[in-house]
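Participant: I'd like to ask some things about the structure below.
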Amino acid sequence: MIRIGFASATRPELTVDGAGVVPASIELVGRRARVPGVITTDGDRWSARIPLHVERWSDARLPLPAGRYELRVEGAPIGGDPSGPALTAPSLTAEWTGAHLIVSPPADEAPRVAPRRRNGRRDTALPPLENAVFFESFYGRSASDNPRAIDRELARVAPGITRYWSVVDLSIAVPEGGIAVIEGSAEWHRARGVARLLVVNDWLRHGFARRPGQTVLQTWHGTPLKRLALHRPGFDPRRALAVVRESRRWDILLAQNPYSARVLRAAYAFRRRPVWVEGYPRTDDLHAGDGRAVRDALGIDPGERVVLYAPTWRDDRETLVDFLDLPALAAATDAVVLVRGHSRTMAPGADEQGARVIDVTTHPDLAGLQLASDVLITDYSSIMFDYSVTGRPIYFFAPDLERYRGELRGFYFDLAASAPGPVLSTQDELVSAIVEREGGDPDRYARWRARFNPRDDGRAAERVVARILDQGLVSRD
Numbered sequence: 006m007i008r009i010g011f012a013s014a015t016r017p018e019l020t021v022d023g024a025g026v027v028p029a030s031i032e033l034v035g036r037r038a039r040v041p042g043v044i045t046t047d048g049d050r051w052s053a054r055i056p057l058h059v060e061r062w063s064d065a066r067l068p069l070p071a072g073r074y075e076l077r078v079e080g081a082p083i084g085g086d087p088s089g090p091a092l093t094a095p096s097l098t099a100e101w102t103g104a105h106l107i108v109s110p111p112a113d114e115a116p117r118v119a120p121r122r123r124n125g126r127r128d129t130a131l132p133p134l135e136n137a138v139f140f141e142s143f144y145g146r147s148a149s150d151n152p153r154a155i156d157r158e159l160a161r162v163a164p165g166i167t168r169y170w171s172v173v174d175l176s177i178a179v180p181e182g183g184i185a186v187i188e189g190s191a192e193w194h195r196a197r198g199v200a201r202l203l204v205v206n207d208w209l210r211h212g213f214a215r216r217p218g219q220t221v222l223q224t225w226h227g228t229p230l231k232r233l234a235l236h237r238p239g240f241d242p243r244r245a246l247a248v249v250r251e252s253r254r255w256d257i258l259l260a261q262n263p264y265s266a267r268v269l270r271a272a273y274a275f276r277r278r279p280v281w282v283e284g285y286p287r288t289d290d291l292h293a294g295d296g297r298a299v300r301d302a303l304g305i306d307p308g309e310r311v312v313l314y315a316p317t318w319r320d321d322r323e324t325l326v327d328f329l330d331l332p333a334l335a336a337a338t339d340a341v342v343l344v345r346g347h348s349r350t351m352a353p354g355a356d357e358q359g360a361r362v363i364d365v366t367t368h369p370d371l372a373g374l375q376l377a378s379d380v381l382i383t384d385y386s387s388i389m390f391d392y393s394v395t396g397r398p399i400y401f402f403a404p405d406l407e408r409y410r411g412e413l414r415g416f417y418f419d420l421a422a423s424a425p426g427p428v429l430s431t432q433d434e435l436v437s438a439i440v441e442r443e444g445g446d447p448d449r450y451a452r453w454r455a456r457f458n459p460r461d462d463g464r465a466a467e468r469v470v471a472r473i474l475d476q477g478l479v480s481r482d
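Each residue of the sequence shown is one higher than the one before, starting from 6 at the first, in our numbering.
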């Protein structure tokens, strides 16, 4: 009989006790994490301990992401009787159900509904506004993108400002000096309600109503190729109402380039309010870094070829597209393939596995991943507009081009006519182009950069933060 319990609330571990044949391996397996256990023996009995805090992308030990985990012995899922109560720790709660481990945010930070007044609106009995910024990136699934770059510059020039970060759980590493607040918790509602400035890269949720004196800077998360918001195919009155209601919560919109400013203003009915065309802060590191630290952390030798595969999500599926045989691609191109799923596939998806394939969907440093790579493969993702800052080859693998363009979303411009690299529809074509280094027309690449990257000069965050401070959205001191 196998019995399963927990040890040490200060350093949480799953404990597994059994008798008989000692297993060769034991591990916890979730969608975005695999954690091996350490097995010890005592006569005919054995036990294993599996940490619930892990190091993944850095030296910091962080709690496992919230979710359901299987316990696998020698690769096969097993069950077991619980040997004690659920674990309640400062960083997480964990419960063994008999078949799965359920990891959740800590009990005192569990999501809860904000109080409502009798008329149904959110309670506005909040403390006075603070000289603070509330950051949120991809609904709290990461602490990355434009908000992170703005956070870093703000911390550099105005270190006295309080910086809150919205996270879905404490597995998300926030920038040094930032304060993590778990989405939906009482402290999260308080922080969002008292911060003078909110910096977000996607929709606000949970019935947000801007207080007098608050400002919302919407950075968005990419130059659009695919149609957005009011421009999506098929008119839906409820969607149109939601779009307009959402955009009215924003005070300022950040655009990577003049093209984006025009498209985003129209797609979100963002009229008569300022659009800052300052380039994207998240591209600043593409000028200053070299990718060696990321390669070293991923165990990639300096001379190895690296392909970054970063497709966008699809409206008709939750998980990563499966058009490519990734281990075969790695073998055929003699490269390590880094797989970067979209933020919308992060929660429902699972890490890609295979020889010389590394899933980096949850890696916090997208700029570092781009610098660590030699080429990019994408389809319709806005990463194409960032990666062109590097000047490196971009390959567009788009086997569903006609369906995506004609049925799912539609485009703002003809990708095949403008792309700075070849647009391909089969894996054989893709491999041939990469191996033969057929990277496309240099003149077309130069025109692309002139159109989409005129302000991506390594100083975008500096300009954005200067405007924030000059306009008094928060105080320097």
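The beta-carbon is built from N, C-alpha and C at its ideal position, and this holds for glycine as well. As the structure is a prediction and not an experimental result, all values here were calculated from the model.
Assuming residue 152 is part of the alpha helix (DSSP H), what are its boundary residues?
Facilitator: Per DSSP, residue 152 belongs to the alpha helix (DSSP H) from 150 to 162.
Participant: Between the alpha carbons of residue 237 and residue 393, how many angstroms are there, rounded?
Facilitator: Those two C-alpha atoms are separated by around 26 angstroms.
Participant: Which whole-angstrom value is the C-beta distance of residue 171 and residue 141, which I expect to be below 8 angstroms?
Facilitator: Yes, residue 171 and residue 141 are in contact; Cβ-Cβ is about 4 angstroms, under 8 angstroms.
Participant: Taking the alpha helix (DSSP H) that residue 264 belongs to, which residues open and close that run?
Facilitator: Here the alpha helix (DSSP H) through residue 264 covers 263 to 272.
Participant: For a test of the three-state rule: what should DSSP assign to residue 432, helix, strand or coil?
Facilitator: In this structure, residue 432 counts as helix in the three-state DSSP scheme.
Participant: Buried or exposed: where does residue 484 fall if 16 or more other Cβ atoms within 10 Å of its Cβ makes it buried?
Facilitator: This structure cannot settle anything about residue 484, because the visible part of the chain is limited to 6 through 482.
Participant: Can you give, in chain order, each stretch of the alpha helix (DSSP H) that sits fully within the segment 437 to 467 and has at least 4 residues?
Facilitator: Here the runs fully enclosed are 447 to 457.
Participant: Alpha carbon to alpha carbon, how far is residue 26 from residue 85? Give it in angstroms, no decimals.
Facilitator: Using only the alpha carbons, I get a separation of about 16 angstroms.
Participant: DSSP three-state label for residue 474, please.
Facilitator: Three-state result, residue 474: helix.
Participant: For a quick check, are the C-beta atoms of residue 169 and residue 139 less than 7 angstroms apart?
Facilitator: In this structure, residue 139 lies closer than 7 angstroms to residue 169 by Cβ.
Participant: Suppose you measure from the CA of residue 215 to the CA of residue 200; what does that come to, to the nearest Å?
Facilitator: Cα to Cα, residue 215 sits roughly 10 angstroms from residue 200.
Participant: Could you please give the first and the last residue of the uninterrupted alpha helix (DSSP H) stretch that includes residue 423?
Facilitator: Start and end: 420 to 423.
Participant: Can you give the beta carbon distance from residue 166 to residue 206, rounded, assuming they're within the 8 angstroms contact cut?
Facilitator: Not really, about 19 angstroms apart at Cβ, beyond 8 angstroms.
Participant: Which of helix, strand or coil does DSSP assign to residue 249?
Facilitator: It is helical.
Participant: To the nearest angstrom, how far is it from the Cα of residue 209 to the Cα of residue 225?
Facilitator: Near 11 angstroms, if we compare the C-alpha coordinates of residue 225 and residue 209.
Participant: Determine which residues share a DSSP beta bridge with residue 27 and list them.
Facilitator: DSSP, once it has assigned bridges, lists no residue as partnering residue 27.
Participant: Taking all protein chains shown into account, decide if residue 189 is buried (16 or more other Cβ within 10 angstroms of its Cβ) or exposed.
Facilitator: Answer is buried; the Cβ neighbour count reaches 16.
Participant: From residue 7 to residue 42, what does the alpha carbon distance come to, in whole angstroms?
Facilitator: So the two alpha carbons sit approximately 15 angstroms from each other.
Participant: If I measure Cβ to Cβ from residue 158 and keep anything under 8 angstroms in the same chain, skipping five residues before and after, which residues do I get?
Facilitator: 286, 466, 467, 469 and 470.
Participant: Between which two residues does the alpha helix (DSSP H) harbouring residue 375 extend?
Facilitator: Taken as a continuous stretch (DSSP letters only), the alpha helix (DSSP H) holding residue 375 covers 371 to 377.
Participant: Report the rounded CA-to-CA distance for residue 294 versus residue 379, giving the unit in angstroms.
Facilitator: Whole-angstrom Cα-Cα distance: 14 angstroms.
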